[in-house]
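Going by my numbering, the letters in the sequence shown line up with residues 116 to 283, in that order. Here is the structure we will look at, set down as structure tokens.
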Amino acid sequence: MRFAAIVGAAMLLAAGALSAQDHPKIPDRPAPLKALDGDWVMSGDVMGEPVTYRMVAGPTLQGAFTEIHMNDVQVPSQYEARVLIGYDTESGTVIAHWMDSFGAKYSVPHGSGSVSGNTVQFTIPYESGAFRDTFTYSPDTDTWLFVLEAAQPDGKWKHFARYTAHRP
116 MRFAAIVGAA MLLAAGALSA QDHPKIPDRP APLKALDGDW VMSGDVMGEP VTYRMVAGPT
176 LQGAFTEIHM NDVQVPSQYE ARVLIGYDTE SGTVIAHWMD SFGAKYSVPH GSGSVSGNTV
236 QFTIPYESGA FRDTFTYSPD TDTWLFVLEA AQPDGKWKHF ARYTAHRP
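Written out as structure tokens, the structure is:
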């Protein structure tokens with residue numbers, strides 16, 4: 116009986132090791148996510164207050180996500196964020212994870228949305244109210260416009276932050 120239990124456990128471990136090796140094919144990132152790659156300077160406002168961030172973006176986790184790392188230029192830094200944006204080709208959905216210096220509590224839930232033309236848009240349904248992030252790339256000027264809006268009780272969206280991003 117003991118031998119059968121050991122053999123059974125060994126088979127389960129072997130099956131787990133095999134399935135761990137069956138890695139799904141990572142699809143190419145959509146063009147707008149690739150256009151984020153590189154070093155950027157973001158300037159604009161958060162709730163009407165002027166801000167400037169350094170942003171570095173590029174593929175991460177074997178190209179499954181685009182990682183954006185934002186850090187304000189103040190010394191000492193007042194804000195830092197990492198945003199991971201992935202694209203699920205089966206559903207045509209963008210999945211976004213926004214983590215920042217406000218802490219773990221504010222990193223859930225994830226956002227979801229879509230890519231359309233040169234625009235990436237996703238909504239994060241926070242408990243306190245949803246945020247909608249719209250990132251639009253202008254290939255003619257090689258610049259980005261980032262618009263972040265907060266949902267209002269009446270269903271309208273209100274300005275939270277707006278940045279333009281250009282290469283230094």
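We put the beta carbon where it would ideally sit given N, CA and C, even for glycine. Given the structure is predicted, the values throughout are model-derived calculations rather than measurements.
Inset, instruction - Can you give me the Cβ contacts of PRO142 inside the same chain, cut-off strictly under 8 angstroms, excluding the 5 residues immediately before and after it? - result: TYR202 and THR204
Inset, instruction - Could you tell me if GLY244 is buried or exposed, where buried requires 16 or more neighbouring beta carbons within 10 angstroms of its beta carbon? - result: exposed
Legend entry - Member of GLN177, LEU199 and ASP215 whose CA lies at the smallest distance from the CA of ILE237: Position check: residue 237 holds Phe in this sequence, whereas Ile was assumed. Nearest C-alpha to PHE237: LEU199.
Inset, instruction - State the start and end residues of the unbroken beta strand (DSSP E) segment that holds ALA211. - result: 208–215
Inset, instruction - Report, in whole angstroms, the separation of the C-beta atoms of ARG144 and THR175, which I expect to be a contact under 8 angstroms. - result: Actually they are not in contact, since the Cβ atoms of ARG144 and THR175 sit about 10 angstroms apart, beyond 8 angstroms.
Legend entry - CA-to-CA distance, THR208 to VAL166, given in whole angstroms: 30 angstroms
Inset, instruction - Would you list the one or two residues that DSSP bridges to GLY153? - result: ALA172
Inset, instruction - Go through its chain and collect everything with a Cβ distance to ASP154's Cβ below 7 angstroms, but skip five positions before and after it. - result: VAL171, ARG282 and PRO283
Inset, instruction - Give me the Cα-Cα distance between THR258 and VAL235, rounded to the nearest whole angstrom. - result: 14 angstroms
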